[in-house]
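So the structure is just underneath, and the comments pick up after that.
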Amino acid sequence: MHRELTQVSIGIVGVGKIARDQHLPALAAEPGFSLAACASPHSRVEGLPHYTSLEAMLAAEQELQAVSLCTPPQVRFAQARTALAAGKHVMLEKPPGASVSEVALLAELARERGRTLFASWHSRHAPGVEAARAWLAERAIFSVDVQWKEDVRRWHPNQQWIWEPGGLGVFDPGINALSILTRILPRAFFLKSADLWVPANQQTPIAANLSFTDARGTPIHAEFDWRHDAGELWQIEVATRDGTLRLAQGGKELTIDRVGIEIGPEREYPSLYARFLELIHAGQSDVDVRPLQHVADAMLLGRRHPVEPFEP
Ligand code: NAP
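Numbered according to the working numbering, the sequence shown spans residues 14 to 325.
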């Protein structure tokens, strides 16, 4: 009973692939939230009040305390601003915005309104990430290699927004690797150079090679590719004086010198919502733009190579 009284009433905005695959099941299993409604231009969730816009949902559902934005990044800022201005706590799917600067404005607005803004990075909640961070904290790191490759047709069927400005292209999955790297590596790093392969008929890259380093000159190499139809490769390897740490399957598997480490089951989205709840109850925000900043740097420094047209 006490739990029910303290439940946070929440609405989902943007009922697409990730809302259905992850947000709805995670919210159904989290007693700290009660899912009250959803807003999406066309898609509906059976059994839930539905509105075709965030504005209509806010007008009708006065009791809502929080919204979770699962829309494409290009519309995220306007929706987050509207929700914060209406006094709601806001969780942002990754990436937190279409530009770095707009996210800072949202953080300021959340502060002014005394509301929580949570810029979520689901891959940081993969079970191997915190163990990797702890193991690397005291280690001498020689080099880092990231391979983040998947089939765009499998993971983004019929999505045109990923090919438009602000849609990130292959950085849409690649930013997950960057969100893990910025969490597990003990020192800040920065981009030195990048190669971007862009389909002749699209605005965003289908593949990217990135070369980063840190203040000690550590080589950090990343390859992102969407033209990979041989299963997913979502892997980070860190070579250290004490052996090679490997996070595989997007952080669900951790090995050190090929010996598996016990890290528990995958529960990225339940863990994200637990964190959002914790932030709301503590009256805090969590907004880290570093992964998005690295993508912006790649767009600034990247050498573009046109490749054959791609039809989504
Ligand atoms: P998606 O399948 O294209 O879904 C996006 C949904 O947003 C669409 O269904 C669309 O609703 C809705 N939408 C578009 N404009 C809207 C607006 N102005 N107001 C309300 N709803 C609007 O995309 P997705 O794959 O779910 O990705 C959404 C976000 O989640 C992206 O930032 C992505 O990076 C992130 N993400 C995706 C995955 C994944 O595996 N797909 C994983 C983690 C994170 P209608 O259907 O009603 O038109």
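Beta carbons are placed, not taken as given, at the ideal position from N, Cα and C, and that holds for glycine.
Going along the chain, which residues of its own chain have a beta-carbon closer than 7 Å to the beta-carbon of residue i, five neighbours each way excluded?
i, result
"residue 175", "169, 181, 182, 185 and 217"
"residue 93", "82, 103, 105 and 119"
"residue 133", "104, 105, 106, 107 and 285"
"residue 240", "219 and 220"
Under 6 Å from any heavy atom of the ligand NAP, does the C-beta of residue i make it?
i, result
"residue 9", "What the structure shows of the chain is the stretch from 14 to 325, and residue 9 is not part of that stretch, so it cannot be assessed."
"residue 186", "no"
"residue 88", "yes"
"residue 27", "yes"
"residue 172", "yes"
"residue 38", "no"
"residue 218", "no"
"residue 109", "no"
"residue 19", "no"
"residue 56", "yes"
"residue 162", "no"
"residue 84", "yes"
Using a C-beta cutoff of 7 Å, does residue i count as contacting chain C?
i, result
"residue 107", "Judged by its chain identifiers, the structure shown contains no chain C, having just a single protein chain."
CB-CB under 8 Å to residue i, same chain, minus the five flanking residues each way: which ones, in chain order?
i, result
"residue 256", "269 and 270"
"residue 282", "35, 36, 38, 39, 135 and 138"
"residue 204", "223, 224, 225, 307, 310, 311 and 314"
Would you tell me roughly how many angstroms separate the C-alpha atoms of residue i and residue j, rounded to the nearest one?
i, j, result
"residue 126", "residue 295", "15 Å"
"residue 238", "residue 221", "6 Å"
"residue 50", "residue 91", "19 Å"
"residue 291", "residue 19", "12 Å"
"residue 63", "residue 53", "8 Å"
"residue 234", "residue 305", "17 Å"
"residue 293", "residue 318", "45 Å"
"residue 43", "residue 88", "27 Å"
"residue 156", "residue 254", "10 Å"
Kindly indicate which three-state DSSP category residue i falls into: helix, strand or coil?
i, result
"residue 284", "helix"
"residue 311", "helix"
"residue 28", "coil"
"residue 119", "helix"
"residue 38", "helix"
"residue 248", "strand"
"residue 323", "coil"
"residue 199", "coil"
"residue 22", "strand"
For residue i, list the residues DSSP reports as bridge partners.
i, result
"residue 236", "160 and 222"
"residue 256", "253"
Once you ignore the five residues that flank residue i on each side, which residues in its own chain have a CB closer than 6 Å to its CB?
i, result
"residue 190", "159 and 161"
"residue 276", "140, 141, 144 and 267"
"residue 22", "47, 49, 76, 77 and 78"
"residue 197", "145, 146 and 149"
"residue 201", "none"
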